[in-house]
Amino acid sequence: MDERSGPWWRGVTGYQWLVFAVASGAWLFDTMDQRLFSLARIPALGDLMALPPSHVEVQAFAKIVTALFLVGWGLGGLIIGPLGDRYGRVRLLAISILLYSICTGITALCRTPAEFAALRFVTGLGIGGVFGLAVAIIVETVDGRARLAMLAGLQLLSTVGNVGSALVKMGVDDLARHDLIAAGSVWRWLLALGALPALIAIVAMIGLREPQSWRERKAEGRLPKGAFGAYVDLLGNPAERRGLLIGSLLAVAGVVGLWGIGEYAVDLQHAVFTTYYDGRLAPDAAKAAVTDAKNWAYMLQMAGGAVGMLIFTLIADRAGRRPAFLTCFAAAFVVTMFVYARMQTPADAYWMMPLMGAAQFSLFAGFSIYLPELFGAAARGTGVSFAYNLGRFAAAAGSFGSAWLSTSLFGGFDAPDPLRYSAMTMCVIFLIGLAAAWFAPETRGRPLPA
């Protein structure tokens, strides 16, 4: 019988579903933590620095904290990936979850900006370890179309994490409006809730076992030598060195595109929506309308992101990984340029943001599907983690580069044009991804490297 006939979930065992639930749940709450930080960082630093959230010192320190978070994220991936290949991926996944969840919860108790920054750096270490390990565990537990579907599903659920964080924020804000919690403590409640994923770590430690292939390599003495021996194995193989280069370029382009360009769409929305409503509504009503419009734009962007991931998966399954990346990088370049150039009203955002979300997030389904297909079993966690998390360093640099473009190179233009032009300039990163995809090896229909 053709394995492509019938639903992909036919034959998936209960244990395989448990692996998917733990791995994708870890990544879902990982992305939720990222978004909770984005929502809480300005109010938190304003409170800790005893300054208005709009104050230039608060905004400047927030960029530093974000950069530290991204650097910690990148380092976490580079360090924890090889530790997982050597000492056990399930074990290190549980440790990563505990690290990011507990540190997020502790951040709710911090008293100074320095404590806030330090805890976000350490949180980033844990967050950086999750993706590569979660993907490697699924790849080595599930075969065939079910593997592709579950890897895509893992990334698809990241949009649920993003939307979930927005809903949590709305719920906590509502508690503050009804005086059930202090308005100034909203950010503390948001971060305290970020400790809940520690429960997933407990499930991982109790319910999951290391993949069979890892246990066989351990029994035969074929695990990487030393804590970072996986890098030696990875770089010593010419095919895997090439895969590491291609995978890193693809991931850098996608991560910078989302974190260095897409994340700043909310700043453009704020400027555009404020101008739009200030001429039509009273001040208080205008402020509320801007907030509501930004929330709707974000929700629609996430919905578009989910659709984009499904589209990438369909193309990758039917035509191949290279055609999927080529299509989606081209779409990300064209659509992102168009959105930043043409968004003028909330109505524009309501149809433009889903398109941009679909184009940019589609690539992330590709990372979960394609990156593990480039590396052999011995160093798969290391290869995926390195390629995916290298982009965090580039995104941190991209944040500073975007700030320089908007304040220096394009600073003489009337607002919000500096935001538009800086984002459009940075879209060149998608062309780098397009070039990398052109030279990427096709892996559709081929067995995983041994």
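So in my numbering the end of the sequence shown lands on 455, straight run, no missing numbers.
Where is the CB? At the ideal position from N, CA and C, for every residue including glycine.
Owing to the predicted nature of the structure, the values given are computational and were not obtained by experimental measurement.
message: According to DSSP, is H275 part of a helix, a strand, or is it coil?
response: helix
task: Note down the Cα distance separating V237 from R193, rounded to an integer number of angstroms.
output: 43 Å
message: Taking the beta carbon of T318 as the centre, do at least 16 other beta carbons fall within 10 Å, making it buried, or is it exposed?
response: buried
message: Could you tell me the alpha carbon to alpha carbon distance between L263 and E225, rounded to whole angstroms?
response: 42 Å
- prompt: Out of Y282, Q39 and M54, which has the shortest C-alpha to C-alpha gap to E130?
  reply: The displayed chain sequence assigns Leu, not Glu, to residue 130. For L130, the nearest C-alpha among the options comes from Q39.
field: Boundaries of the alpha helix (DSSP H) in which I316 is found, first to last residue
entry: P288 to R323
field: Reference L180, options A258, L195 and G166, closest by Cα
entry: L195
- prompt: Is DSSP giving P328 helix, strand or coil here?
  reply: helix
message: Closest to Q160 by C-alpha separation, out of S170, D148, V173 and A139, would be which residue?
response: A139
query: Between which two residues does the alpha helix (DSSP H) carrying V480 extend?
result: The chain is shown from 6 up to 455; residue 480 falls before or after that span and cannot be answered.
field: Reference G110; option with closest CA among A232, L198 and I211
entry: L198
query: How long is the line joining the alpha carbons of A31 and V95, rounded to whole angstroms?
result: 12 Å
message: Considering only the alpha carbon of each residue, which of D52, A256 and G381 lies closest to I437?
response: A256
- prompt: Run through DSSP, which three-state label would K230 get?
  reply: coil
field: Pairwise C-alpha distance: F391 and L249
entry: 8 Å
query: If we ignore side chains and look at the alpha-carbon of each, how far apart do R246 and S43 end up?
result: 35 Å
Rounded straight-line distance, which links the Cα of G406 to that of I143: 36 Å
Rounded separation between G86 and W356 - CA only: 39 Å
- prompt: Are there 16 or more other CB atoms within 10 angstroms of the CB of W443, so buried, or fewer, so exposed?
  reply: exposed
field: Length of the line joining the Cα atoms of P328 and W219
entry: 32 Å
query: For P351, does the count of other Cβ atoms within 10 angstroms reach 16, so buried, or fall short, so exposed?
result: buried
task: Return helix, strand or coil for R449, following the three-state DSSP convention.
output: coil
Span separating the alpha-carbon of V191 from that of L228: 47 Å
- prompt: Would the stretch 354 to 374 and the stretch 288 to 296 be scored as touching if the rule is three or more Cβ pairs under 8 Å?
  reply: no
query: If you drop the 5 nearest sequence neighbours on each side, which residues of the same chain put their C-beta closer than 7 Å to that of Y269?
result: S407, L424 and A428
F233 versus S170 - alpha carbon distance: 35 Å
task: Determine the extent of the alpha helix (DSSP H) in which R15 is found, giving its start and end residues.
output: Element bounds for R15: n/a, residue is neither H nor E.
- prompt: Where M477 and V271 are concerned, what is the direct C-alpha to C-alpha distance, given to the nearest angstrom?
  reply: Residue 477 cannot be examined here, being either before or after the span of the chain that is shown, 6 to 455.
- prompt: Out of curiosity, what's the CA-to-CA distance linking L23 and A235?
  reply: 27 Å
- request: Please work out which residues of its chain come closer than 6 Å, Cβ to Cβ, to R449, disregarding the five sequence neighbours upstream and downstream, and give them in chain order.
  value: G325 and R326
query: On the three-state DSSP scale, how would you describe I47?
result: helix
- prompt: In the structure shown, what three-state DSSP assignment does V339 receive?
  reply: helix
- prompt: How is R116 classed by DSSP in three states: helix, strand or coil?
  reply: coil
query: For the stretch 360 to 428, which segments carrying the alpha helix (DSSP H) assignment without a break, of at least 4 residues, lie completely within its bounds, in sequence order?
result: 385 to 409
- prompt: When we look at the beta-carbon of I266 and count the other beta-carbons within 10 Å, is it buried (16 or more) or exposed?
  reply: buried
- request: Tell me where the alpha helix (DSSP H) around D179 begins and ends.
  value: G149 to R182
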